[in-house]
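Trainee: Just so we're on the same page, the numbering used here is the position in the sequence shown counted from 1, plus 22.
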Amino acid sequence: MAFVAPKGTYDLLPPEAAAFTAVRETLARPAVLAGYEYIETPIFEDTALFARGVGESTDVVSKEMYTFPDKGGRSLTLRPESTAGVMRAVIEHRLYAGQLPVKLWYAGPNFRYERPQSGRYRHFTQVGVEAIGVDDPMLDAEVVALAVEGYRALGLREFRLLLTSLGDPACRPQYRAVLQAFLAGLDLDEDTRRRAELNPLRVLDDKRPEVQAQLAEVPTMVAHLCRPCAEHYDAVRARLADIGVQWDEAPRLVRGLDYYMRTTFEFVHGGLGAQSAVGGGGRYDGLSASIGGPDLTGIGWALGVDRTVLALRAEGVGVGVSARCQVYGVPLGPVAAGLMFSLVTRLRAAGIAADLAYGGRGLKGAMKAADRSGAAYAVVLGDHDIEAGQAQLKDLRDGAQVAVPLDTVVATLQEKLS
Ligand code: AMP
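(1) Per DSSP, R142 is paired with what?
(2) Taking the straight line between their C-alpha atoms, what separation do you get for T214 and V343?
(3) Identify which residue in L439, G387 and T186 has its Cα closest to the Cα of A252.
(4) For a test of your reading of the model: does the CB of L168 fall under 8 angstroms from any non-hydrogen atom of ligand 1? Yes or no.
(5) I think G278 touches T80, with their Cβ atoms under 8 angstroms apart; what is that distance to the nearest whole Å?
(6) In terms of alpha-carbon separation, which member of Q348, P316, S310 and W127 lies closest to E437?
(7) Is DSSP giving G301 helix, strand or coil here?
(8) Measure how close the beta-carbons of R137 and T31 come, nearest whole angstrom, since I'm counting them as under 8 angstroms.
(9) Quick check: R194 and M243, are their CB atoms within less than 9 angstroms of each other?
(10) Could you spell out the range, first to last residue, of the beta strand (DSSP E) harbouring F90?
(11) Comparing C-alpha positions only, which one of K29, G57, R51 and V151 sits nearest to G302?
(12) Ends of the beta strand (DSSP E) at V244?
(13) For R134, which three-state DSSP category applies?
(14) Nearest to R8 by CA position, among D162, S395 and T147, is which residue?
(15) Applying the 10 Å Cβ sphere with the 16-neighbour rule, what's the burial state of K125?
(16) What is the C-beta distance between I154 and L100, in whole angstroms, given that I count them as a contact (C-beta under 8 angstroms)?
(17) Is A27 near ligand 1, judged by its Cβ being under 8 angstroms from some heavy atom?
(18) Which whole-angstrom value describes the C-beta separation of D307 and G320, a residue pair presumed to lie in contact below a C-beta threshold of 8 angstroms?
(19) Could you tell me which residues DSSP puts in a beta bridge with E271?
(20) Of all Cβ atoms in chain D, is any one closer than 9 angstroms to the Cβ of L318?
(21) Give every residue of the same chain whose Cβ lies closer than 7 angstroms to the Cβ of R74, excluding the five residues on either side of it in the sequence, and list them in chain order.
(22) Should Y399 be labelled buried (16 or more other beta-carbon atoms within 10 Å of its own) or exposed?
(23) Spatial neighbours of P316 within its chain, please: C-beta separation below 8 angstroms, excluding the five flanking residues on both sides.
(24) Quick one: grab the DSSP three-state call for L126.
(25) With a cut-off of 8 angstroms on the beta carbons, I'd call P159 and A257 a contact; round off their distance for me.
(26) Does the distance between the C-beta of N221 and the nearest non-hydrogen atom of ligand 2 fall short of 8 angstroms?
(27) Please report the straight-line C-alpha distance between L201 and Y281, rounded to a whole angstrom.
(28) Compute the Euclidean distance between the alpha carbons of L176 and V45, then round it to the nearest angstrom.
(29) Please report the straight-line C-alpha distance between A111 and T63, rounded to a whole angstrom.
(30) Nearer than 8 angstroms: is that true of the beta carbon of T285 relative to any heavy atom of ligand 1?
(31) How long is the line joining the alpha carbons of D190 and T286, rounded to whole angstroms?
(32) Is any non-hydrogen atom of ligand 1 found closer than 8 angstroms to the C-beta of A352, if you look at the structure I gave you?
(33) If you count every other CB in all the chains shown that lies within 10 Å of the CB of V357, and 16 or more means buried, which is it?
(34) Taking only three categories from DSSP, how would you classify M283?
(35) Helix, strand or coil: which one does DSSP assign to K390?
(36) Using DSSP with H/G/I as helix, E/B as strand and the rest coil, what is D68?
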């Protein structure tokens with residue numbers, strides 16, 4: 023039996039893999055320019071970190087985690103998201119004792135046991151940022167703007183920013199009671215009633231038309247914010263407006279992770295079908311304390327790389343489609359092969375992407391490989407050329423060929439490719 027990739031995963035193969043790495047790099051670039059530094063945390067963590075940090079009642083924790091005992095009897099979980107691990111690292115290494123805010127970015131895989139479909143996988147990749155330790159609405163605006171800049175830099179156009187505030191421990195409990203009273207008056211099934219008792223905000227996220235129809239007049243959190251939360255939200259929106267970031271108010275936006283409070287947002291794209299969220303984030307001021315750390319505020323996002331690639335494809339935007347190499351070496355015979363190997367090494371050292379025909383191929387096969395490589399130039403080297411101390415430089419776009427002294431090949435190509 024031949025093996026296939028596990029259900030819900032996929033292999034990232036060339037040439038599409040180039041789009042994936044380009045998306046990852048381009049989404050992170052605005053954060054790097056804003057002083058965010060790279061962090062990498064383990065792919066698995068203590069299971070309790072996610073249970074406490076992300077929230078026991080969330081689908082992510084209660085249904086979707088890859089949890090396993092290791093041989094030492096510890097319960098470990100493949101990270102379903104990265105913020106809890108980053109916060110754990112910030113606390114463990116006391117990064118908060120230095121310059122604040124602690125600004126971090128990361129990129130890597132996450133794992134959720136979800137029902138696979140297009141855009142929803144069990145192994146998926148996120149790029150994320152976190153700004154920790156300073157409570158300033160301007161940081162919320164910065165974080166949101168970094169994502170917008172990343173999408174724009176990729177050439178993505180049809181994305182929308184959905185924005186809301188989820189309040190804080192001062193005003194959310196009161197709103198929760200108002201919401202529960204409202205939900206109690208609706209015609210809901212047993213399961214949904216139970217959810218309304220445990221986590222009423224989740225009911226707002228119920229996609230079923232019969233539920234949505236009854237929610238037309240539902241009281242919103244935004245209308246019940248306490249004064250500090252309302253002022254905070256106003257300040258975030260004012261700063262976003264200043265820098266030309268547009269958003270849609272989304273008073274019913276609910277996210278799948280419990281730690282969010284105050285500013286909360288999601289980026290959606292119309293070209294993805296059911297899985298329209300390409301990224302999301304928000305403020306998580308309670309997270310640090312909930313996992314045993316000091317009282318630290320924080321705001322961040324995670325953008326889905328897999329879905330961003332799909333969104334770009336839906337818009338017909340090509341990214342990362344540069345040729346595999348610029349110059350391709352075609353050596354004819356063993357002596358030429360040795361010389362070409364050195365020449366290609368020198369081309370690479372000069373910053374030129376170069377490859378050569380390995381395996382002692384003949385002229386015809388090697389020229390075919392040169393064409394397939396996407397290179398602009400082939401360097402052909404035969405015995406006669408070696409004797410004359412030269413190489414043949416062939417422009418693969420128009421077929422023009424010139425002889426160039428061997429010791430000037432690198433300089434000549436540098437000039438032609440600049
Ligand atoms: P979340 O961590 O749930 O806020 O998700 C942030 C982003 O990660 C989403 O907007 C998606 O783009 C991406 N994402 C989350 N879950 C999946 C999944 N199962 N498959 C692919 N992408 C995902």
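We put the CB at the ideal spot given by N, CA and C, even for glycine.
Mentor: The short version:
(1) Q139
(2) 47 angstroms
(3) T186
(4) no
(5) 6 angstroms
(6) Q348
(7) strand
(8) In fact, because the Cβ distance is near 14 angstroms, the residues do not count as touching under 8 angstroms.
(9) yes
(10) Y88 to P91
(11) V151
(12) Segment: none, V244 is in no beta strand (DSSP E) and carries neither H nor E.
(13) coil
(14) Only positions 23 to 440 of the chain appear in this structure, which leaves residue 8 out of reach.
(15) buried
(16) Actually they are not in contact, since the Cβ atoms of I154 and L100 sit about 24 angstroms apart, beyond 8 angstroms.
(17) no
(18) 7 angstroms
(19) L185
(20) You won't find chain D in this structure, because it holds only one protein chain.
(21) S312 and I313
(22) buried
(23) I113, Y118 and S310
(24) strand
(25) 4 angstroms
(26) The model on display carries ligand 1 but not ligand 2.
(27) 19 angstroms
(28) 7 angstroms
(29) 7 angstroms
(30) no
(31) 12 angstroms
(32) Reading off the sequence shown, one finds Val at residue 352, where the question assumed Ala. V352 Cβ: outside cutoff for every heavy atom of ligand 1.
(33) exposed
(34) strand
(35) helix
(36) strand
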